[in-house]
Amino acid sequence: MASRIEHRATFPASVADVVAAQSDDAALRARLAEIGGPNAALESHEVDGDQVRYTLVQGVPADKLPSVAQKFVSGDLVVRREHTFSGGTGSIRAQVDGVPGQITGTVSIEEDGDGARQVTRGEVTVRIPLVGGKLEGLIAEQVTTLLEREAEFTTSWLARR
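Numbering (numbering that gives the first Met the number 0), first residue to last: 0 to 160.
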């Protein structure tokens, strides 16, 4: 059974500005430099009209992992995230190296008064008998924390523009 993720954030900017702050090449590189972890990289970035596709690689140091996760991952945790945005909607698919399972989700960014509201929904599935559910919960918690940090980065990025 999958663990669900839901995260909401508001920004003092237009939908177009928020999408740009979350999918522009320079913004992504700056975000990875600030919160991407070891060996973080923008692996690919493609723009075709109003559609943007990119792949991020992020790391979590082994010593920062919960002890139950350390039993299943040797060394640092490496997460590969594939994003697609078209206008204010997007999809996310992530894979944690060495962990049988995935993270999938959707993102919607809509006008909200004088700014924009982002809603991210997803689920974590880990296919390891007996401990998969526990790992799903831990991963969902870590993803939610990451989404909060990314929202904070987006807010500061927008303020600097």
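The beta-carbon is built from N, C-alpha and C at its ideal position, and this holds for glycine as well.
Keep in mind that this is a model prediction, so the values were computed, not measured.
For the set ALA32, PRO11 and HIS6, the Cα lying nearest the Cα of GLY114 is the one of PRO11. Remark: three or more beta-carbon pairs, one from each stretch, lie closer than 8 Å, so the segment 83 to 94 and the segment 16 to 33 are flagged as touching. The three-state reading of DSSP puts SER85 in strand, counting E and B together.
Rounded to the nearest whole angstrom, the C-alpha separation of ILE138 and ILE4 is 10 Å. Using a 10 angstroms sphere on the CB of VAL46, the tally of other CB atoms stays under 16, which defines it as exposed.
Within the model, the alpha-carbon separation for HIS44 versus ARG30 is close to 14 Å.
The Cβ atoms of TRP156 and ALA61 lie no closer than 7 Å to each other.
When DSSP states are grouped into helix, strand and coil, VAL77 belongs to the strand group. For ASP47, no alpha helix (DSSP H) encloses it; the enclosing beta strand (DSSP E) starts and ends at 40 to 47.
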